[in-house]
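Have a look at the structure below, then the notes.
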Amino acid sequence: MGPTTASVGIRPFRIDVPRAQIDDLHRRLAAVRWPDEAPGAEWTQGIPLGYMQDLARYWRERYDWRAQEARLNAFPQFRRDRRAPTCTSSTSAPRSRARCPCC
0 MGPTTASVGI RPFRIDVPRA QIDDLHRRLA AVRWPDEAPG AEWTQGIPLG
50 YMQDLARYWR ERYDWRAQEA RLNAFPQFRR DRRAPTCTSS TSAPRSRARC
100 PCC
């Protein structure tokens, strides 16, 4: 008889970002103190200021967290405890056992 999923530290989980964390992110995005844009910077010296501002606005106003959670939770999600052979602490890593829909 082989090891069970419980004995190797694999357990199911659902993605569920607490509303308080989403609200906190929205507050922090709204409170960003944007720098002045360097003249002629464009993409040669990093991400243009306007692009970052649009991205922050999208995350604050249009990104649907719950829809994305539902989309990800449609696939089986698992966590696996990983321990180094000489270490007593463990970390938990998310995993999905579903096949990629494009393959």
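Start counting the sequence shown at 0; every next residue gets the next number (the numbering used here).
Ideal Cβ positions, reconstructed from N, Cα and C, are used throughout, including at glycine.
Values in this document were obtained by computation on a predicted structure and should not be read as measured data.
#### Entry: Candidates Y62, D35 and R59, of which the one nearest G49 by Cα
Here residue 49 refers to the residue found at position 50 of the sequence shown. Taking only the C-alpha atoms, the option nearest G49 is D35.
### Message
Between R32, M51 and W33, which has its C-alpha nearest E41's C-alpha?
### Response
On the sequence shown, residue 41 is found 42 positions in, with the first residue counted as 1. Considering only alpha carbons, the answer is M51.
### Message
Can you give me the C-alpha to C-alpha distance between D23 and V16, rounded to a whole angstrom?
### Response
Here residue 23 refers to the residue found at position 24 of the sequence shown. Here residue 16 refers to the residue found at position 17 of the sequence shown. Looking at the two C-alpha atoms, the distance is approximately 12 Å.
### Message
Let me check one thing: in DSSP terms, what residues is P11 bridge-paired to?
### Response
For the purposes of this step, residue 11 is taken as residue 12 along the sequence shown, with counting starting at 1. Answer is F77.
### Message
Please report the straight-line C-alpha distance between F12 and R79, rounded to a whole angstrom.
### Response
Against the sequence shown, residue 12 aligns to sequence position 13. Against the sequence shown, residue 79 aligns to sequence position 80. One C-alpha to the other measures close to 10 Å.
### Task
Following the continuous alpha helix (DSSP H) through D22, name the residue where it begins and the one where it ends.
Translated into the one-based positions of the sequence shown, residue 22 becomes position 23. Segment R18 to A29, the alpha helix (DSSP H) holding D22.
### Message
Quick check: the Cα distance between T43 and I21, rounded to an integer number of angstroms?
### Response
Sequence index remark: in the sequence shown, residue 43 carries index 44 (1-based). Sequence index remark: in the sequence shown, residue 21 carries index 22 (1-based). Each residue's alpha carbon lies about 32 Å from the other.
### Message
Contact defined as beta carbons within less than 8 Å: I believe R10 pairs with F77. What is the distance between those atoms, to the nearest angstrom?
### Response
As a first step, residue 10 is located in the sequence shown; it is residue number 11 there, counting from the start. As a first step, residue 77 is located in the sequence shown; it is residue number 78 there, counting from the start. So it is a contact: roughly 7 Å between Cβ atoms.
### Query
Could you give the distance in angstroms between the alpha-carbon of N72 and the alpha-carbon of I14?
Position 73 of the sequence shown, counted from the start, is the residue given in the question as residue 72. Position 15 of the sequence shown, counted from the start, is the residue given in the question as residue 14. Cα to Cα, N72 sits roughly 6 Å from I14.
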